[in-house]
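K.L.:
Here you go, one structure.
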Amino acid sequence: MPHNLWRIYSSLDSDDIRLLQAVERGMGRHLYVPVELVERYARLPPGRFSRSIRKLSTMKLVKRRVGSLTGYTLTYSGLDILAIHNFVKRGIIEVLGDKVGLGKEGDVYLALTPTGSKVTVKFHRAGRESFKKVRRHRSYALSINVTSWMDLAKAFAQREFKVLVKLEEEGALVPAPIALTRHALVQKYVAGVELSDVKALDRNTATTILSDVLDTIRIAYTRVGIVHGDLSEYNVIFSDNEGHAFIIDWPQYVYKDEPHADELLRRDVYYIVRFIGRRVGVEINLEDALKYVRGETEAPPQL
Ligand SMILES: Nc1ncnc2c1ncn2[C@@H]1O[C@H](COP(=O)(O)OP(=O)(O)O)[C@@H](O)[C@H]1O
Ligand SMILES: [Mg+2]
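Going by this note's numbering, the first residue of the sequence shown is number 807, and it counts up by one from there.
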């Protein structure tokens, strides 16, 4: 994966973008798009076509299959570039900055909007982990037509975006979703630290974090009907400025009537109460917390 996507994007001209779009279009039907088809879609004079396709290959934005039938396919970086181009053209971002996190499933970058606000761009990567998740949640696997890494990455991005929209509408503390294209989504940047990096936790802050996180789990469960499914101190960001804790990283959520939903809810809540309890040195009652997030009581557990 190239380190500076923005530098790569900046070095491309309109022929290059057009060619990438042509390869993408052909990938609806071919994993490796026959070169004749790429030419037909790109409509570039031959000299400009070969110059550009060579450049894209060298930059590893497309991969060439040699053999009886020459063809081209997009790489992850090629797809990233098309997503960046889309966000720039729509005026969603003006510049892409450094990576803010390298997670299991995606690469998250900081970006600036034309008005100077900070946002993140998360590129979903469908790798081993995603396939595991898909297998684990079969109902979901059956509802999408997983034909390629690209479809899978797109499906995860779309899933995450849509659920963030619902969660935000219901008042949950999640990063506000801003835009989606292909396998990439833009969210509001939460200026803060991952809960796992919060070393000292005073009782007041711990109380805020616990109630924020449990409230968001409760909203997700009772109003949106879902369970996060991968909650831990690594997917909670505490923002000192805002004085709130936000839950991130939602693509693997399950509906509450799916087979493992109860187990997953229990595990999600357990990780959170265990982490906060340890940092403060008290035991938080798991069953009380579970009753609260299921909407069975109005009183959140106390620290
Ligand atoms: N909206 C955001 N604001 C600030 N940091 C974020 C945001 N989204 C993600 N990050 C950072 O990027 C990391 C990876 O993002 P995440 O959504 O958890 O994806 P992954 O599936 O890769 O774990 C997070 O742990 C966090 O540090
Ligand atoms: Mg994560």
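Beta carbons: idealized from backbone N, C-alpha and C, even for Gly.
Let me confirm a value: Gly1101 is counted as buried when at least 16 other C-beta atoms fall within 10 Å, else exposed. Which label applies?
P.N.:
By the neighbour-count rule (16 or more Cβ atoms within 10 Å), Gly1101 is not buried but exposed.
K.L.:
Taking 8 Å as the line, does the beta carbon of Ala997 fall inside it for any heavy atom of ligand 1?
P.N.:
yes
K.L.:
Using 8 Å as the cut-off, classify the Cβ of Gly907 as near or not near the heavy atoms of ligand 1, replying yes or no.
P.N.:
yes
K.L.:
When you compare only the Cα positions, how much space is there between Gly832 and Val844?
P.N.:
7 Å
K.L.:
Taking C-alpha atoms, which residue in Leu875, His1066, Pro1107 and Leu1071 lies nearest to Ile1082?
P.N.:
Checked all of Leu875, His1066, Pro1107 and Leu1071; the closest Cα to Ile1082 is Pro1107.
K.L.:
With a CB to CB cut of under 7 Å and the five nearest residues on each side skipped, what residues in its chain are close to Leu916?
P.N.:
Gly903, Asp904, Val906, Lys924, Thr926 and Tyr995
K.L.:
Cutting at 7 Å between CB atoms, please list the residues of its own chain near Asp1036, excluding the five before and the five after it.
P.N.:
Sequence-distant Cβ neighbours of Asp1036 in its own chain, meaning closer than 7 Å and more than five residues away, are Asp1055 and Gln1058.
K.L.:
Might you give, ordered along the chain, the residues of its own chain that have their beta carbon closer than 6 Å to the beta carbon of Ala828, omitting 5 neighbours on each side?
P.N.:
Val844, Tyr847 and Ala848
K.L.:
Can you tell me whether DSSP reads His891 as helix, strand or coil?
P.N.:
It is helical.
K.L.:
Hey, how far is the Cα of Glu975 from the Cα of Thr1013?
P.N.:
Near 24 Å, if we compare the C-alpha coordinates of Thr1013 and Glu975.
K.L.:
Please list the segments of the beta strand (DSSP E) lying wholly inside the segment 943 to 1020, counting only runs of 3 or more residues, in order along the chain.
P.N.:
983 to 987 and 990 to 994
K.L.:
DSSP state of Pro852, grouped into three classes?
P.N.:
helix
K.L.:
State yes or no: is the C-beta of Ile899 nearer than 8 Å to some heavy atom of ligand 1?
P.N.:
no
K.L.:
Quick check on this structure: which residue in Gly1049, Gly977, His989 and Val992 has the alpha carbon closest to the alpha carbon of Gly998?
P.N.:
Gly1049
K.L.:
Whole angstroms are fine: how far does the CA of Leu958 sit from the CA of Ser949?
P.N.:
With a pLDDT of only 49 at Ser949, under 50, the local geometry of the prediction cannot be trusted, and no value is derived from it.
K.L.:
Would you say the beta carbon of Asp1036 is closer than 8 Å to some non-hydrogen atom of ligand 2?
P.N.:
yes
K.L.:
Count Cβ pairs between the segment 876 to 884 and the segment 960 to 969 that sit closer than 8 Å; are there 3 or more?
P.N.:
no
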